[in-house]
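Number of protein chains: 2
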Amino acid sequence: MQARKNFDDFFKSAFTVDNVIFGFDEGTLKILLIRRNEQPFEDFWALPGYFVQPKEDLEAAAARVLREMTGMENVYLEQLRTFGSPGRHGFGRVITVAYYSLVKIADFRPRAAGVAQEITWHTVDDLEALAFDHQEIVAVALDKLKRSIRTRPVGFELLPPAFTLTELQHLYEAIWETELEKRNFRKKILSMGLLEDLNRTQEGVAHRPAKLYRFDEAIYRKLEESGFNFEMKESKSK
Amino acid sequence: MQARKNFDDFFKSAFTVDNVIFGFDEGTLKILLIRRNEQPFEDFWALPGYFVQPKEDLEAAAARVLREMTGMENVYLEQLRTFGSPGRHGFGRVITVAYYSLVKIADFRPRAAGVAQEITWHTVDDLEALAFDHQEIVAVALDKLKRSIRTRPVGFELLPPAFTLTELQHLYEAIWETELEKRNFRKKILSMGLLEDLNRTQEGVAHRPAKLYRFDEAIYRKLEESGFNFEMKESKSK
DNA sequence: CAAAGATAGTGTACAAGTTACAATAAGCTG
DNA sequence: CAGCTTATTGTAACTTGTACACTATCTTTG
């Protein structure tokens with residue numbers, strides 16, 4: 082079969098998945114990086130990623146890498162973009178499909194293994210030089226996160242199951258690098274009707290404890306279907 | 082070098098680019114399809130696409146395919162998503178990076194060639210079964226277009242250099258599958274300050290001719306930098 | 001145990017933006 | 001020039017966004 086013959090002759094490339102894994106801790110946005118223990122870019126910090134297996138779906142590969150390196154499953158995972166400049170990998174052509182993931186940092190169980198000799202959270206602001214084109218991938222992921230949180234309430238994926246409105250506000254502030262006005266933020270977020278008041282309060286704080294809320298995913302799905310608009314604005318102010 | 086040796090052993094896959102090319106004509110949204118003249122999926126309609134060359138950048142490959150099949154250059158072209166289910170191609174594993182493109186349909190110069198025996202515009206609403214997973218790719222592209230036009234004035238890429246406000250409104254209506262209220266639409270779109278009144282009017286119409294406008298890209302870029310919000314709403318009404 | 005310290009929680013007036021709605025204007029045709 | 005067709009325009013009611021400051025509640029400390 083001629084077509085089949087032609088097909089087999091086409092150029093083939095190695096391909097990988099790389100995950101930009103966001104977490105939120107102590108009021109700052111973090112991403113998870115591994116330190117490579119293999120050439121190329123040995124000893125450089127890099128995104129957790131690996132080669133895709135012959136019969137493996139792309140998203141499954143991303144989920145597998147995430148599970149193997151962090152012990153986390155069933156987390157928010159979405160395709161970001163594919164990076165494939167001919168010269169991006171030191172050894173030969175490698176196309177990488179980048180995913181981005183939002184996780185609750187408390188669930189993290191580090192499992193350095195494979196090409197990773199170390200795996201830790203890094204503040205997004207000051208990243209040293211990363212391996213390959215991972216600096217660019219992180220930049221694209223950050224941009225996507227900023228836009229994404231604006232029109233969809235994905236931020237909850239980064240918070241513990243029960244959180245205070247102040248924590249939620251700090252999350253938006255960290256991602257957008259702005260300050261938001263407390264009363265207006267609360268009014269807006271509560272008006273969406275996505276938060277359920279848990280009738281519990283913080284414990285162990287040296288001040289008036291805040292009420293705890295949880296994100297009601299069921300209501301979210303219902304509203305989303307009906308075309309509800311979740312837009313948040315980045316207006317500043319003290 | 083051990084790492085290098087390992088690298089060469091990893092599974093490699095063929096990979097392609099596929100373009101979802103949108104056009105707008107006679108008030109309806111169209112996409113450009115080719116009819117395949119090769120196995121697999123011979124005689125099926127498919128997205129214009131082809132294998133990426135060994136040293137070719139992904140976006141360059143998408144632009145090349147677009148140029149070869151349509152004669153169009155310097156058009157709006159953006160990566161959409163990568164599709165790589167193990168079973169999506171009949172002959173073996175093929176990863177495809179899908180791009181989506183917005184073109185002015187008047188510039189189209191069909192050049193059936195390669196795997197294409199025919200190349201024509203199709204209304205988006207009623208597509209027959211397409212080759213591979215192209216149906217899904219088109220659905221994703223449509224979804225992206227709908228969202229995209231909401232927050233960024235990309236629609237102008239689909240219109241001729243000079244257009245009327247009614248044409249522009251029809252474009253939004255076609256993409257969103259709603260009807261918009263004329264006065265409010267005009268107020269909103271003009272208030273963004275992106276349209277330059279060309280002080281010319283339509284010719285050859287059997288009624289009062291409409292004023293012609295052009296999209297001022299320079300102003301757009303300036304406003305975009307300063308964080309201006311281009312959000313359009315899909316509110317209906319006659 | 002009272003005062004100080006810290007953060008939580010709340011309302012209102014003004015500005016800006018969105019929506020609904022209909023009459024006149026300007027060309028062409030017969 | 002009467003009739004047809006589409007273009008163009010404004011306003012009032014309503015909704016949403018913004019700016020802004022004081023009281024409440026808990027812990028800690030002297």
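From first to last, the protein sequence lines are chains E and L. Positions 82 to 319 (my numbering) are the ones given, in order, by the first sequence. Positions 82 to 319 (my numbering) are the ones given, in order, by the second sequence. Cβ atoms here follow ideal geometry from the backbone N, Cα and C, with glycine treated the same way. Values in this document were obtained by computation on a predicted structure and should not be read as measured data.
With 16 other Cβ atoms within 10 Å as the buried cut-off, status of residue i
i, result
"residue 179 of chain L", "buried"
"residue 308 of chain E", "exposed"
"residue 107 of chain E", "exposed"
"residue 34 of chain L", "Nothing about residue 34 of chain L can be reported from this structure: the residues present for chain L run from 82 to 319 only."
"residue 279 of chain L", "exposed"
"residue 289 of chain L", "exposed"
"residue 299 of chain E", "exposed"
"residue 151 of chain L", "buried"
"residue 117 of chain E", "buried"
"residue 187 of chain E", "exposed"
"residue 285 of chain E", "exposed"
"residue 174 of chain L", "buried"
Separation of residue j from residue i, as counted between CA atoms
i, j, result
"residue 170 of chain L", "residue 130 of chain L", "13 Å"
"residue 105 of chain L", "residue 214 of chain L", "24 Å"
"residue 242 of chain L", "residue 225 of chain L", "24 Å"
"residue 223 of chain E", "residue 189 of chain E", "20 Å"
"residue 318 of chain L", "residue 257 of chain L", "Residue placement at residue 318 of chain L is flagged as unreliable, the pLDDT there being 45, under the threshold of 50; the coordinate-derived value follows with that caveat. Cα to Cα, the separation comes out at about 13 Å."
"residue 145 of chain L", "residue 134 of chain L", "11 Å"
"residue 94 of chain E", "residue 163 of chain L", "15 Å"
"residue 210 of chain L", "residue 181 of chain L", "20 Å"
"residue 287 of chain E", "residue 263 of chain E", "20 Å"
"residue 157 of chain L", "residue 227 of chain L", "16 Å"
"residue 281 of chain E", "residue 314 of chain E", "29 Å"
"residue 269 of chain L", "residue 119 of chain L", "49 Å"
"residue 301 of chain E", "residue 261 of chain L", "27 Å"
"residue 147 of chain L", "residue 273 of chain E", "43 Å"
"residue 277 of chain L", "residue 101 of chain E", "42 Å"
"residue 87 of chain L", "residue 153 of chain E", "27 Å"
"residue 89 of chain L", "residue 155 of chain L", "37 Å"
"residue 149 of chain E", "residue 149 of chain L", "43 Å"
"residue 212 of chain L", "residue 165 of chain L", "15 Å"
"residue 85 of chain L", "residue 85 of chain E", "31 Å"
Residue range of the beta strand (DSSP E) that includes residue i
i, result
"residue 182 of chain E", "175-183"
"residue 160 of chain L", "157-164"
"residue 103 of chain E", "93-106"
"residue 277 of chain E", "276-282"
"residue 110 of chain E", "109-117"
"residue 125 of chain E", "From DSSP, residue 125 of chain E is part of no beta strand (DSSP E); its letter is neither H nor E."
"residue 285 of chain E", "Taken as a continuous stretch (DSSP letters only), residue 285 of chain E belongs to no beta strand (DSSP E), as it is neither H nor E."
"residue 132 of chain L", "130-132"
Start and end residues, alpha helix (DSSP H) containing residue i
i, result
"residue 298 of chain L", "298-306"
"residue 186 of chain E", "From DSSP, residue 186 of chain E is part of no alpha helix (DSSP H); its letter is neither H nor E."
"residue 246 of chain L", "246-257"
"residue 266 of chain L", "263-272"
"residue 216 of chain E", "215-232"
"residue 143 of chain E", "139-151"
Contact under 9 Å by Cβ, residue i with residue j
i, j, result
"residue 305 of chain E", "residue 311 of chain E", "yes"
"residue 252 of chain E", "residue 185 of chain E", "no"
"residue 247 of chain L", "residue 291 of chain L", "yes"
"residue 293 of chain L", "residue 234 of chain L", "no"
"residue 109 of chain L", "residue 255 of chain L", "yes"
"residue 177 of chain E", "residue 96 of chain E", "yes"
"residue 115 of chain E", "residue 230 of chain E", "no"
"residue 250 of chain E", "residue 266 of chain E", "yes"
"residue 283 of chain E", "residue 259 of chain E", "no"
"residue 128 of chain L", "residue 218 of chain L", "yes"
"residue 91 of chain L", "residue 132 of chain E", "yes"
"residue 111 of chain L", "residue 205 of chain L", "yes"
"residue 136 of chain L", "residue 191 of chain E", "no"
"residue 122 of chain E", "residue 183 of chain E", "no"
"residue 208 of chain L", "residue 198 of chain L", "no"
"residue 271 of chain E", "residue 202 of chain E", "no"
"residue 143 of chain E", "residue 160 of chain E", "yes"
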